[in-house]
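Asks:
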Ligand SMILES: Nc1ncnc2c1ncn2[C@@H]1O[C@H](COP(=O)(O)OP(=O)(O)OP(=O)(O)O)[C@@H](O)[C@H]1O
Ligand SMILES: [Mg+2]
């Protein structure tokens with residue numbers, strides 16, 4: 001998992017500015033799209049907003065950009081309240097999910113457009129547009145029109161165009177979601193490289209957790225119009241503060257548990273609770289596949305609480321593999337192991353699992369809508385009481 | 387392999403035959419009246435006199451004719467420009483900011499289609515007392531009425547053009563780059579719907595060049611009114627002018643459709659020009675009787 005990159009320290013360009021979103025509210029015909037959304041972006045920082053569809057990510061971004069009016073709250077950029085300013089006075093670069101290049105202009109003209117509006121001299125305009133296209137690696141395509149470029153190239157030009165005006169803030173709304181997986185991963189790293197190079201404070205919206213974790217200084221997980229957790233990617237993944245975050249980010253098992261006092265009993269193992277205020281009684285524990293280790297084959301008695309089961313599926317993911325183990329009683333769990341270990345347990349073999357005694361999150365809510373992406377299907381278990 | 391090629395070849399041959407037949411039939415259908423018109427203009431004064439192009443020669447010397455042609459061309463230009471200046475920003479604004487009003491605007495624009503010209507005149511006559519009072523009695527003031535008359539056709543053409551591009555994203559991208567609404571409405575959206583603008587203008591031009599009823603009833607002298615009057619005095623010359631104006635409009639359409647061809651391979655692709663031209667034939671040229 002990616003570790004947090006030092007905020008704004010890698011930027012070689014000018015420093016970014018601080019951006020504060022304070023208690024933003026927005027309703028659409030009775031539906032609350034943003035409900036007291038607050039977030040502070042430090043100068044030069046890249047924050048990824050992650051959340052399920054309809055949680056208000058786009059709305060938040062559009063409020064910052066001024067493309068939508070807030071019902072309440074403030075947007076403060078570099079100490080100045082810009083809430084009342086129209087979009088064209090805010091100096092924010094935006095890259096959209098849909099291809100948004102002006103079709104009647106070449107790549108260079110697109111990039112130079114914002115500069116032309118600012119009255120930059122023709123020679124300087126050309127120079128800066130050229131530099132920007134260089135930055136995104138497209139100088140060879142400068143004279144092409146949008147329909148002569150691939151989707152990935154178009155989005156790069158859109159990025160260059162947004163950055164050419166030297167915006168105070170860079171806003172990206174799922175800029176990669178229309179691209180295929182390989183280009184997406186490539187372009188995402190490129191966006192990060194460019195962002196570090198220019199040092200612009202950036203808000204990046206995505207519903208792809210892998211994307212968010214890979215690229216961001218901090219990840220903000222949103223739910224129903226508010227921020228659920230804001231932390232470095234590693235922290236969001238390994239120490240989720242709420243069951244929602246735990247389930248939305250990364251893969252997790254839902255396992256019946258019994259809470260009593262400050263511990264929860266999960267599969268016969270007593271685990272400390274993350275949230276010690278949880279009331280006693282039955283609940284669902286959210287357990288990462290990495291929390292399981294293989295303890296050996298049946299008959300090995302060296303472990304205190306082995307969980308005996310049968311491997312019913314193995315998924316090879318490269319260096320690691322994920323095995324699905326049927327523990328009987330209608331309970332299946334996923335465990336993630338180094339491929340070298342997992343290869344000894346093809347489907348059908350018996351296996352002993354061991355549950356690490358990490359602090360555990362419990363919930364009493366229904367499962368979160370699984371996020372899209374191959375690594376994001378939550379495993380649901382019902383039927384066996386803790 | 388050989389068999390499929392044989393089938394394909396046969397099918398292609400059949401398709402070609404079909405195409406040719408349709409083309410010939412349509413050609414005959416459209417060209418016969420034109421040819422008949424031409425034949426009529428070349429007749430002499432009596433059945434026995436030799437054919438001549440005298441009627442065509444008289445066009446230049448017919449009083450008022452040249453000036454009425456100039457008037458109609460002027461009306462066509464003013465109407466097209468006014469229609470675009472009025473309609474394009476309105477439609478963009480409604481699309482982006484007031485989507486709820488779209489149906490209302492659409493209804494208003496289509497309304498002139500449902501009101502017979504003769505009824506329109508009854509309403510327009512008192513209005514034109516004021517128009518004359520404020521703008522003088524030039525026939526060019528007819529463009530006020532003509533802008534209304536062309537709305538139904540041009541609205542459709544422009545709406546189709548706007549639906550073909552992502553107006554919202556484009557304008558939001560422009561605004562985030564610092565563009566005001568005027569820039570969006572004149573420099574961003576219109577260049578990307580050139581074909582639709584051209585269509586709408588063509589429709590206006592064709593409609594205006596063929597308009598008779600309003601001009602006649604409001605006592606203005608435009609091309610069609612002049613042709614009509616001329617027809618009572620000198621039929622061959624009037625038919626010659628009518629044919630001439632038809633050919634002119636045809637040449638205009640063809641030349642404009644070439645203007646719109648993408649420059650080399652570098653211009654963005656535009657929708658074709660052909661489809662919306664169909665109503666021109668019916669809506670315009672049917673009116674001269
Ligand atoms: N223009 C609008 N009119 C009415 N409701 C809207 C509008 N825009 C957004 N909403 C509603 O506001 C909520 C938040 O929408 P938003 O577009 O911000 O979600 P999102 O997090 O970007 O989702 P996605 O990942 O699908 O893009 C949704 O319930 C949506 O239906
Ligand atoms: Mg969205």
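Residue numbers (our numbering), protein chains in the order written: chain A, 1 to 386; chain B, 387 to 675.
By construction, the Cβ of each residue, glycine as well, lies at the ideal position given by its N, Cα and C atoms.
Report the three-state DSSP secondary structure of residue 178 of chain A (helix, strand or coil).
Replies: coil
Asks: Hey, which residues come within less than 5 Å of ligand 1, measuring from Cβ to any heavy atom, in chain order?
Replies: A:28, A:33, A:53, A:54, A:55, A:56, A:57, A:58, A:59, A:207
Asks: Candidates A:162, A:186, A:99: which alpha carbon is nearest residue 210 of chain A's?
Replies: A:186
Asks: If you run the structure through DSSP and keep just helix, strand and coil, what is residue 356 of chain A?
Replies: DSSP, reduced to helix, strand and coil, places residue 356 of chain A outside both helices and strands of the structure shown, so it counts as coil.
Asks: So does residue 174 of chain A have its beta carbon nearer than 8 Å to some heavy atom of ligand 2?
Replies: yes
Asks: Excluding five sequence neighbours on each side, which residues of the same chain lie with their C-beta closer than 6 Å to the C-beta of residue 139 of chain A?
Replies: 133
Asks: Under 9 Å between the Cβ atoms of residue 243 of chain A and residue 49 of chain A?
Replies: no
Asks: Within the present structure, is the beta-carbon of residue 64 of chain A separated from the nearest heavy atom of ligand 2 by less than 8 Å?
Replies: No, the beta carbon of residue 64 of chain A sits no closer than 8 Å to any heavy atom of ligand 2.
Asks: Tell me whether residue 484 of chain B sits in a helix, a strand or coil according to DSSP, three-state version.
Replies: coil
Asks: Here's the rule: buried if 16 or more other CB atoms are within 10 angstroms of the residue's CB, otherwise exposed. What is residue 285 of chain A?
Replies: buried
Asks: Just curious, the beta strand (DSSP E) that residue 28 of chain A is in, first and last residue?
Replies: 19 to 28
Asks: Is DSSP giving residue 249 of chain A helix, strand or coil here?
Replies: Assigned with DSSP and collapsed to three states, residue 249 of chain A falls in coil, not helix or strand.
Asks: Below 8 Å on the Cβ atoms is my guess for residue 278 of chain A versus residue 46 of chain A; work out the distance and round it to an integer in Å.
Replies: 34 Å between Cβ atoms; not a contact.
Asks: Residue 205 of chain A: beta carbon under 8 Å from a heavy atom of ligand 2?
Replies: yes
Asks: So with Cβ pairs under 9 Å, would you call residue 379 of chain A a contact of chain B?
Replies: Note on residue 379 of chain A: pLDDT 43, under 50, position unreliable in the model; no value is reported.
Asks: Between the segment 558 to 572 of chain B and the segment 528 to 545 of chain B, do at least 3 Cβ pairs fall closer than 8 Å?
Replies: No, the segment 558 to 572 of chain B does not touch the segment 528 to 545 of chain B.
Asks: Hey, is residue 97 of chain A close to ligand 2, as in C-beta under 8 Å from one of its heavy atoms?
Replies: yes
Asks: Mind checking whether residue 231 of chain A and residue 61 of chain A have CB atoms under 9 Å apart?
Replies: no
Asks: Is residue 45 of chain A helix, strand or coil by DSSP?
Replies: In the structure shown, residue 45 of chain A sits in coil (DSSP, three-state: anything other than H, G, I, E or B).
Asks: Between residue 577 of chain B and chain A, is there a C-beta pair that is closer than 9 Å?
Replies: yes
Asks: In the DSSP assignment, find the beta strand (DSSP E) that holds residue 312 of chain A and state where it starts and stops.
Replies: 307 to 316
Asks: Taking Cβ-Cβ distances below 7 Å as the criterion, which residues of the segment 94 to 119 of chain A are in contact with chain B?
Replies: Within the segment 94 to 119 of chain A, the residues whose Cβ lies closer than 7 Å to some Cβ of chain B are 94, 96, 98, 100, 102, 103, 104, 113, 114, 117, 118, listed in chain order.
Asks: Are the C-beta of residue 562 of chain B and some C-beta of chain A separated by less than 9 Å?
Replies: yes
Asks: Could you tell me which of A:364, A:333, A:102 sits nearest to residue 354 of chain A, measuring between CA atoms?
Replies: Of the candidates A:364, A:333, A:102, the one whose C-alpha sits nearest the C-alpha of residue 354 of chain A is A:333.
Asks: Can you tell me which residues form a DSSP beta bridge with residue 292 of chain A?
Replies: A:355
Asks: Give me, in chain order, the residues of the same chain whose beta-carbon lies closer than 6 Å to that of residue 491 of chain B; leave out the 5 immediate sequence neighbours on both sides.
Replies: 480
Asks: If the cut is a Cβ gap below 7 Å, which residues of chain A does residue 555 of chain B touch?
Replies: 96, 98, 100
Asks: Here's a check: name, in chain order, each residue in its chain whose Cβ is nearer than 6 Å to the Cβ of residue 469 of chain B, leaving out the five neighbours to either side.
Replies: 533, 536, 540, 590
Asks: So which of A:64, A:96, A:39 has the shortest CA-CA distance to residue 83 of chain A?
Replies: A:64
Asks: Looking at the C-beta of residue 175 of chain A, does it have a partner C-beta in chain B at a distance below 9 Å?
Replies: no
Asks: Using DSSP with H/G/I as helix, E/B as strand and the rest coil, what is residue 57 of chain A?
Replies: helix
Asks: Going along chain A in order, which residues have a C-beta closer than 9 Å to the C-beta of residue 558 of chain B?
Replies: 62, 65, 67, 87, 94, 96, 100
Asks: I'd like to check one pair, residue 204 of chain A with residue 52 of chain A: are the Cβ atoms closer than 9 Å?
Replies: no
Asks: Answer yes or no: do residue 444 of chain B and residue 100 of chain A have a C-beta to C-beta separation smaller than 9 Å?
Replies: Taking 9 Å as the Cβ cut-off, residue 444 of chain B and residue 100 of chain A do not qualify as a contacting pair.
Asks: Do residue 33 of chain A and residue 56 of chain A have their C-beta atoms within less than 9 Å of each other?
Replies: yes
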